[in-house]
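Undergrad:
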Amino acid sequence: MRISKREVKTIISFLEEVWENEESLVKRYSSLKGKTPFQILVSTILSLRTKDEITYSVASELFKDLKEARDFVEISTKELERMIYPVGFYRNKAKAIKKIAKEILEKYGGNVPANIDDLLNLPGVGRKTANLVLSTAFGKNVICVDTHVHRISNRLGLVNTKTPEETEVELMKVLPKNYWKKINHLMVSFGQTICKPVKPRCDVCKLVDLCKYYQSLRR
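When we follow my numbering, the leftmost residue of the sequence shown carries the number 161, and every step to the right adds one.
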């Protein structure tokens, strides 16, 4: 049975309340992930399979010296590896970022493309990364589904899906469009503070009455 509009409104209202009242990492340090589309693209790649606090720390230091695509083209791969070392798979990411910077410089004049097809054609850029760039850097109404969004959407019963790609499609059917670009930050904040992957804080969550995950625990 599809979740009702009233329940969707209740969920969004509480997610906004959590954003306002809880000190999540995404809320506290989001500005450290870059101010330009290219920096946001780079920091999103760095964040893949890396703890949030490490991503924020590495990105903020990296962008003190490297700001544009040209800067990343001119630096050596070894030096870039050294600068991003704490992140997971730093060697692969350094190579991918170098390739992306080169392609953006040569094909797009140093400007990150603002459409999904061109972004997905960049080396190593997947749908999650592309949508986060489109929503955060360009303010487009798209839904970025990361592990937090996928987990929480299914826990709450907003969707019943197996993959992030399926979650994106189903969320577009139930969420008001004006929340598409906001839902990632709202759910990530919720996932970092209350609806954690392990030992979620159900005792302080106001959504337990409609949460499919919580209801399953009580059976």
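Don't be surprised by glycine CBs; every beta carbon is placed ideally from N, CA and C. Predicted, not measured: the structure shown is a model, and the values here were computed from it.
Tell me where the alpha helix (DSSP H) around Lys187 begins and ends.
TA: It spans Leu185 to Tyr189 - the alpha helix (DSSP H) in which Lys187 sits, taken as one unbroken run.
Undergrad: Taking the CB atoms as reference points, tell me whether Asn381 and Val293 lie closer together than 8 Å.
TA: Lying outside 161 to 379, the shown extent of the chain, residue 381 is not represented and no answer is given.
Undergrad: Exposed or buried, Pro360, counting other C-beta atoms within 10 Å across all chains shown (16 or more means buried)?
TA: Label assigned to Pro360: buried.
Undergrad: In three-state DSSP terms, what is Ala256?
TA: Three-state result, Ala256: helix.
Undergrad: Is it buried or exposed, Glu330, if we count other Cβ atoms within 10 angstroms and call 16 or more buried?
TA: Classification of Glu330: buried, given that the 10 Å Cβ count is 16 or more.
Undergrad: One question on the structure: do Lys262 and Val285 come within less than 8 Å of each other, judged by their Cβ atoms?
TA: Against a cut-off of 8 Å, the Cβ pair of Val285 and Lys262 comes out as no contact.
Undergrad: Curious, which full-length alpha helix (DSSP H) runs of at least 4 residues does the segment 314-339 contain?
TA: Listed in chain order, the complete alpha helix (DSSP H) runs (minimum 4 residues) inside the segment 314-339 are 324-334.
Undergrad: Cβ atoms of Ala219 and Gly194: under 8 Å apart, would you say?
TA: Yes, the Cβ-Cβ distance between Gly194 and Ala219 is below 8 Å.
Undergrad: Quick one: residues in its chain with C-beta nearer than 8 Å to the C-beta of Gln199, no 5 flanking neighbours on either side, listed in chain order?
TA: Contacts found: Lys193, Ala219, Phe223 and Lys227.
Undergrad: Sort Val168, Ile205 and Val186 by Cα distance to Lys288 and report the nearest one.
TA: The shortest C-alpha separation from Lys288 is found at Ile205.
Undergrad: Taking the alpha-carbon of Arg372 as reference, which of Glu325, Arg315 and Thr353 has the nearest alpha-carbon?
TA: What sits at residue 372 in the sequence shown is Lys, not Arg. Per the Cα distances, Arg315.
Undergrad: Have a look at Tyr245 and Lys259 and give me their C-alpha separation to the nearest angstrom.
TA: Roughly 18 Å between the two C-alpha positions.
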